[in-house]
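Engineer:
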Amino acid sequence: MSFISALRRQNLTGALIVGLAATIAGCGFQPMHGQRSNASAAALATIDIGLIADRTGQILRNELLQVMQPQGPARQQPYLLTVTLTESLQNLAIKRNEDVTRANLTLVVSFVVSRRSDGLRLHSGGAQWVNTYNILTSDFATLSARENARKRGAEQLALEIRERISVWLVQTGGAPRRR
-16 MSFISALRRQ NLTGALIVGL AATIAGCGFQ PMHGQRSNAS AAALATIDIG
34 LIADRTGQIL RNELLQVMQP QGPARQQPYL LTVTLTESLQ NLAIKRNEDV
84 TRANLTLVVS FVVSRRSDGL RLHSGGAQWV NTYNILTSDF ATLSARENAR
134 KRGAEQLALE IRERISVWLV QTGGAPRRR
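Residue numbers for the sequence shown follow our numbering, so the first one is -16 and each next one is one higher.
Right under this line is the structure:
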C-alpha cells in the first residue's frame, strides 16, 4: 500500500509542477533578463539623464548613469529622463532631556521619460526610500552617518528607477513609445 501511495504522490507532484508551469506560461510572464535584456539595455542608453538639483541629486544622477548606461550613452539620445528628488528628515528617538538619538532620512523621487523632439511624456513613475541612522555626540560622526544614508538611498533609488523603466521597455518591445 505504501508503494502505491508513494507512486500516486509522485504523479500528483509531477502533475502539479506541469500545471504550475503551464499557468505561468499562460499568464504572459516573461523574464526581464532573458533575450530582450540586450534590447532593453540598448534602449536605456538612448535615454539622456537630466541634471538633478542638490548634492543628493548629483549622487543619484551619477548612480543612474552607472546603472542605465554602463557602456556609455548612445550616440543619439532622443529621450530625456527628468527626475525630481525631495529629501526629508524626521527625528525618531527622543530622550526625556529632548536629545535626539535616531532619525529617518526619506528620499522620494518622481521621474518622467519624455521625447526630446516634442516633449511628449512617454512614461512616468516614482519611488521612495527610507533609512534610519544614529545621531551621535560627535557632529562629524552624525554627518558621516547621514551622508552614508544619502548615498545608499541614491544607489537604491537608481536601481529602482532603472528596473521600472526596464519593465516599461520590455512591455513596449524595447523601444520607448507613448503609454
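The C-beta atom is built at its ideal place from N, Cα and C for all residues, glycine as well. Predicted, not measured: the structure shown is a model, and the values here were computed from it.
1. Between A24, A26 and A137, which lies nearest to V91 when the distance is taken from Cα to Cα?
2. Taking contact to mean 3 or more Cβ pairs, one atom from each stretch, closer than 8 angstroms, check whether the stretch 60 to 75 and the stretch 25 to 32 are in contact.
3. Should R133 and L68 be called a contact, given that it needs their Cβ atoms to be closer than 8 angstroms?
4. Among residues of its own chain, excluding the 5 on either side of L48, which ones have a beta-carbon nearer than 7 angstroms to its beta-carbon?
5. Short of 6 angstroms in beta carbon distance, which residues of its chain neighbour Q73, apart from the five on each side in sequence? Order them along the chain.
6. Could you check the C-alpha separation between G168 and A24 for me, to the nearest Å?
7. What is the rounded straight-line gap between the Cα of T65 and the Cα of F123?
8. Between R85 and T39, what straight-line distance do the alpha-carbon atoms span, to the nearest angstrom?
9. From the DSSP secondary-structure annotation, give me the bridge partner or partners of G109.
Structural biologist: The short version:
1. Stepping through the sequence shown from its first residue, residue 91 is reached at position 108. Nearest option by C-alpha distance: A137.
2. yes
3. Residue numbering aside, residue 133 sits at position 150 when the sequence shown is read from its first letter. Residue numbering aside, residue 68 sits at position 85 when the sequence shown is read from its first letter. No, they are not a contact pair.
4. As a first step, residue 48 is located in the sequence shown; it is residue number 65 there, counting from the start. Same-chain partners within the cutoff: I32.
5. Counting from one through the sequence shown, the residue named residue 73 turns up at place 90. The residues are N87.
6. Because the chain here runs from -16 to 162, residue 168 falls outside it and cannot be looked at.
7. Within the sequence shown, residue 65 is the residue found at index 82, counting from 1. Within the sequence shown, residue 123 is the residue found at index 140, counting from 1. Going from the Cα of T65 to the Cα of F123 covers about 33 angstroms.
8. Here residue 85 refers to the residue found at position 102 when the sequence shown is read from its first residue. Here residue 39 refers to the residue found at position 56 when the sequence shown is read from its first residue. Near 20 angstroms, if we compare the C-alpha coordinates of T39 and R85.
9. Here residue 109 refers to the residue found at position 126 when the sequence shown is read from its first residue. DSSP output for G109 lists S93 as bridge partner(s).
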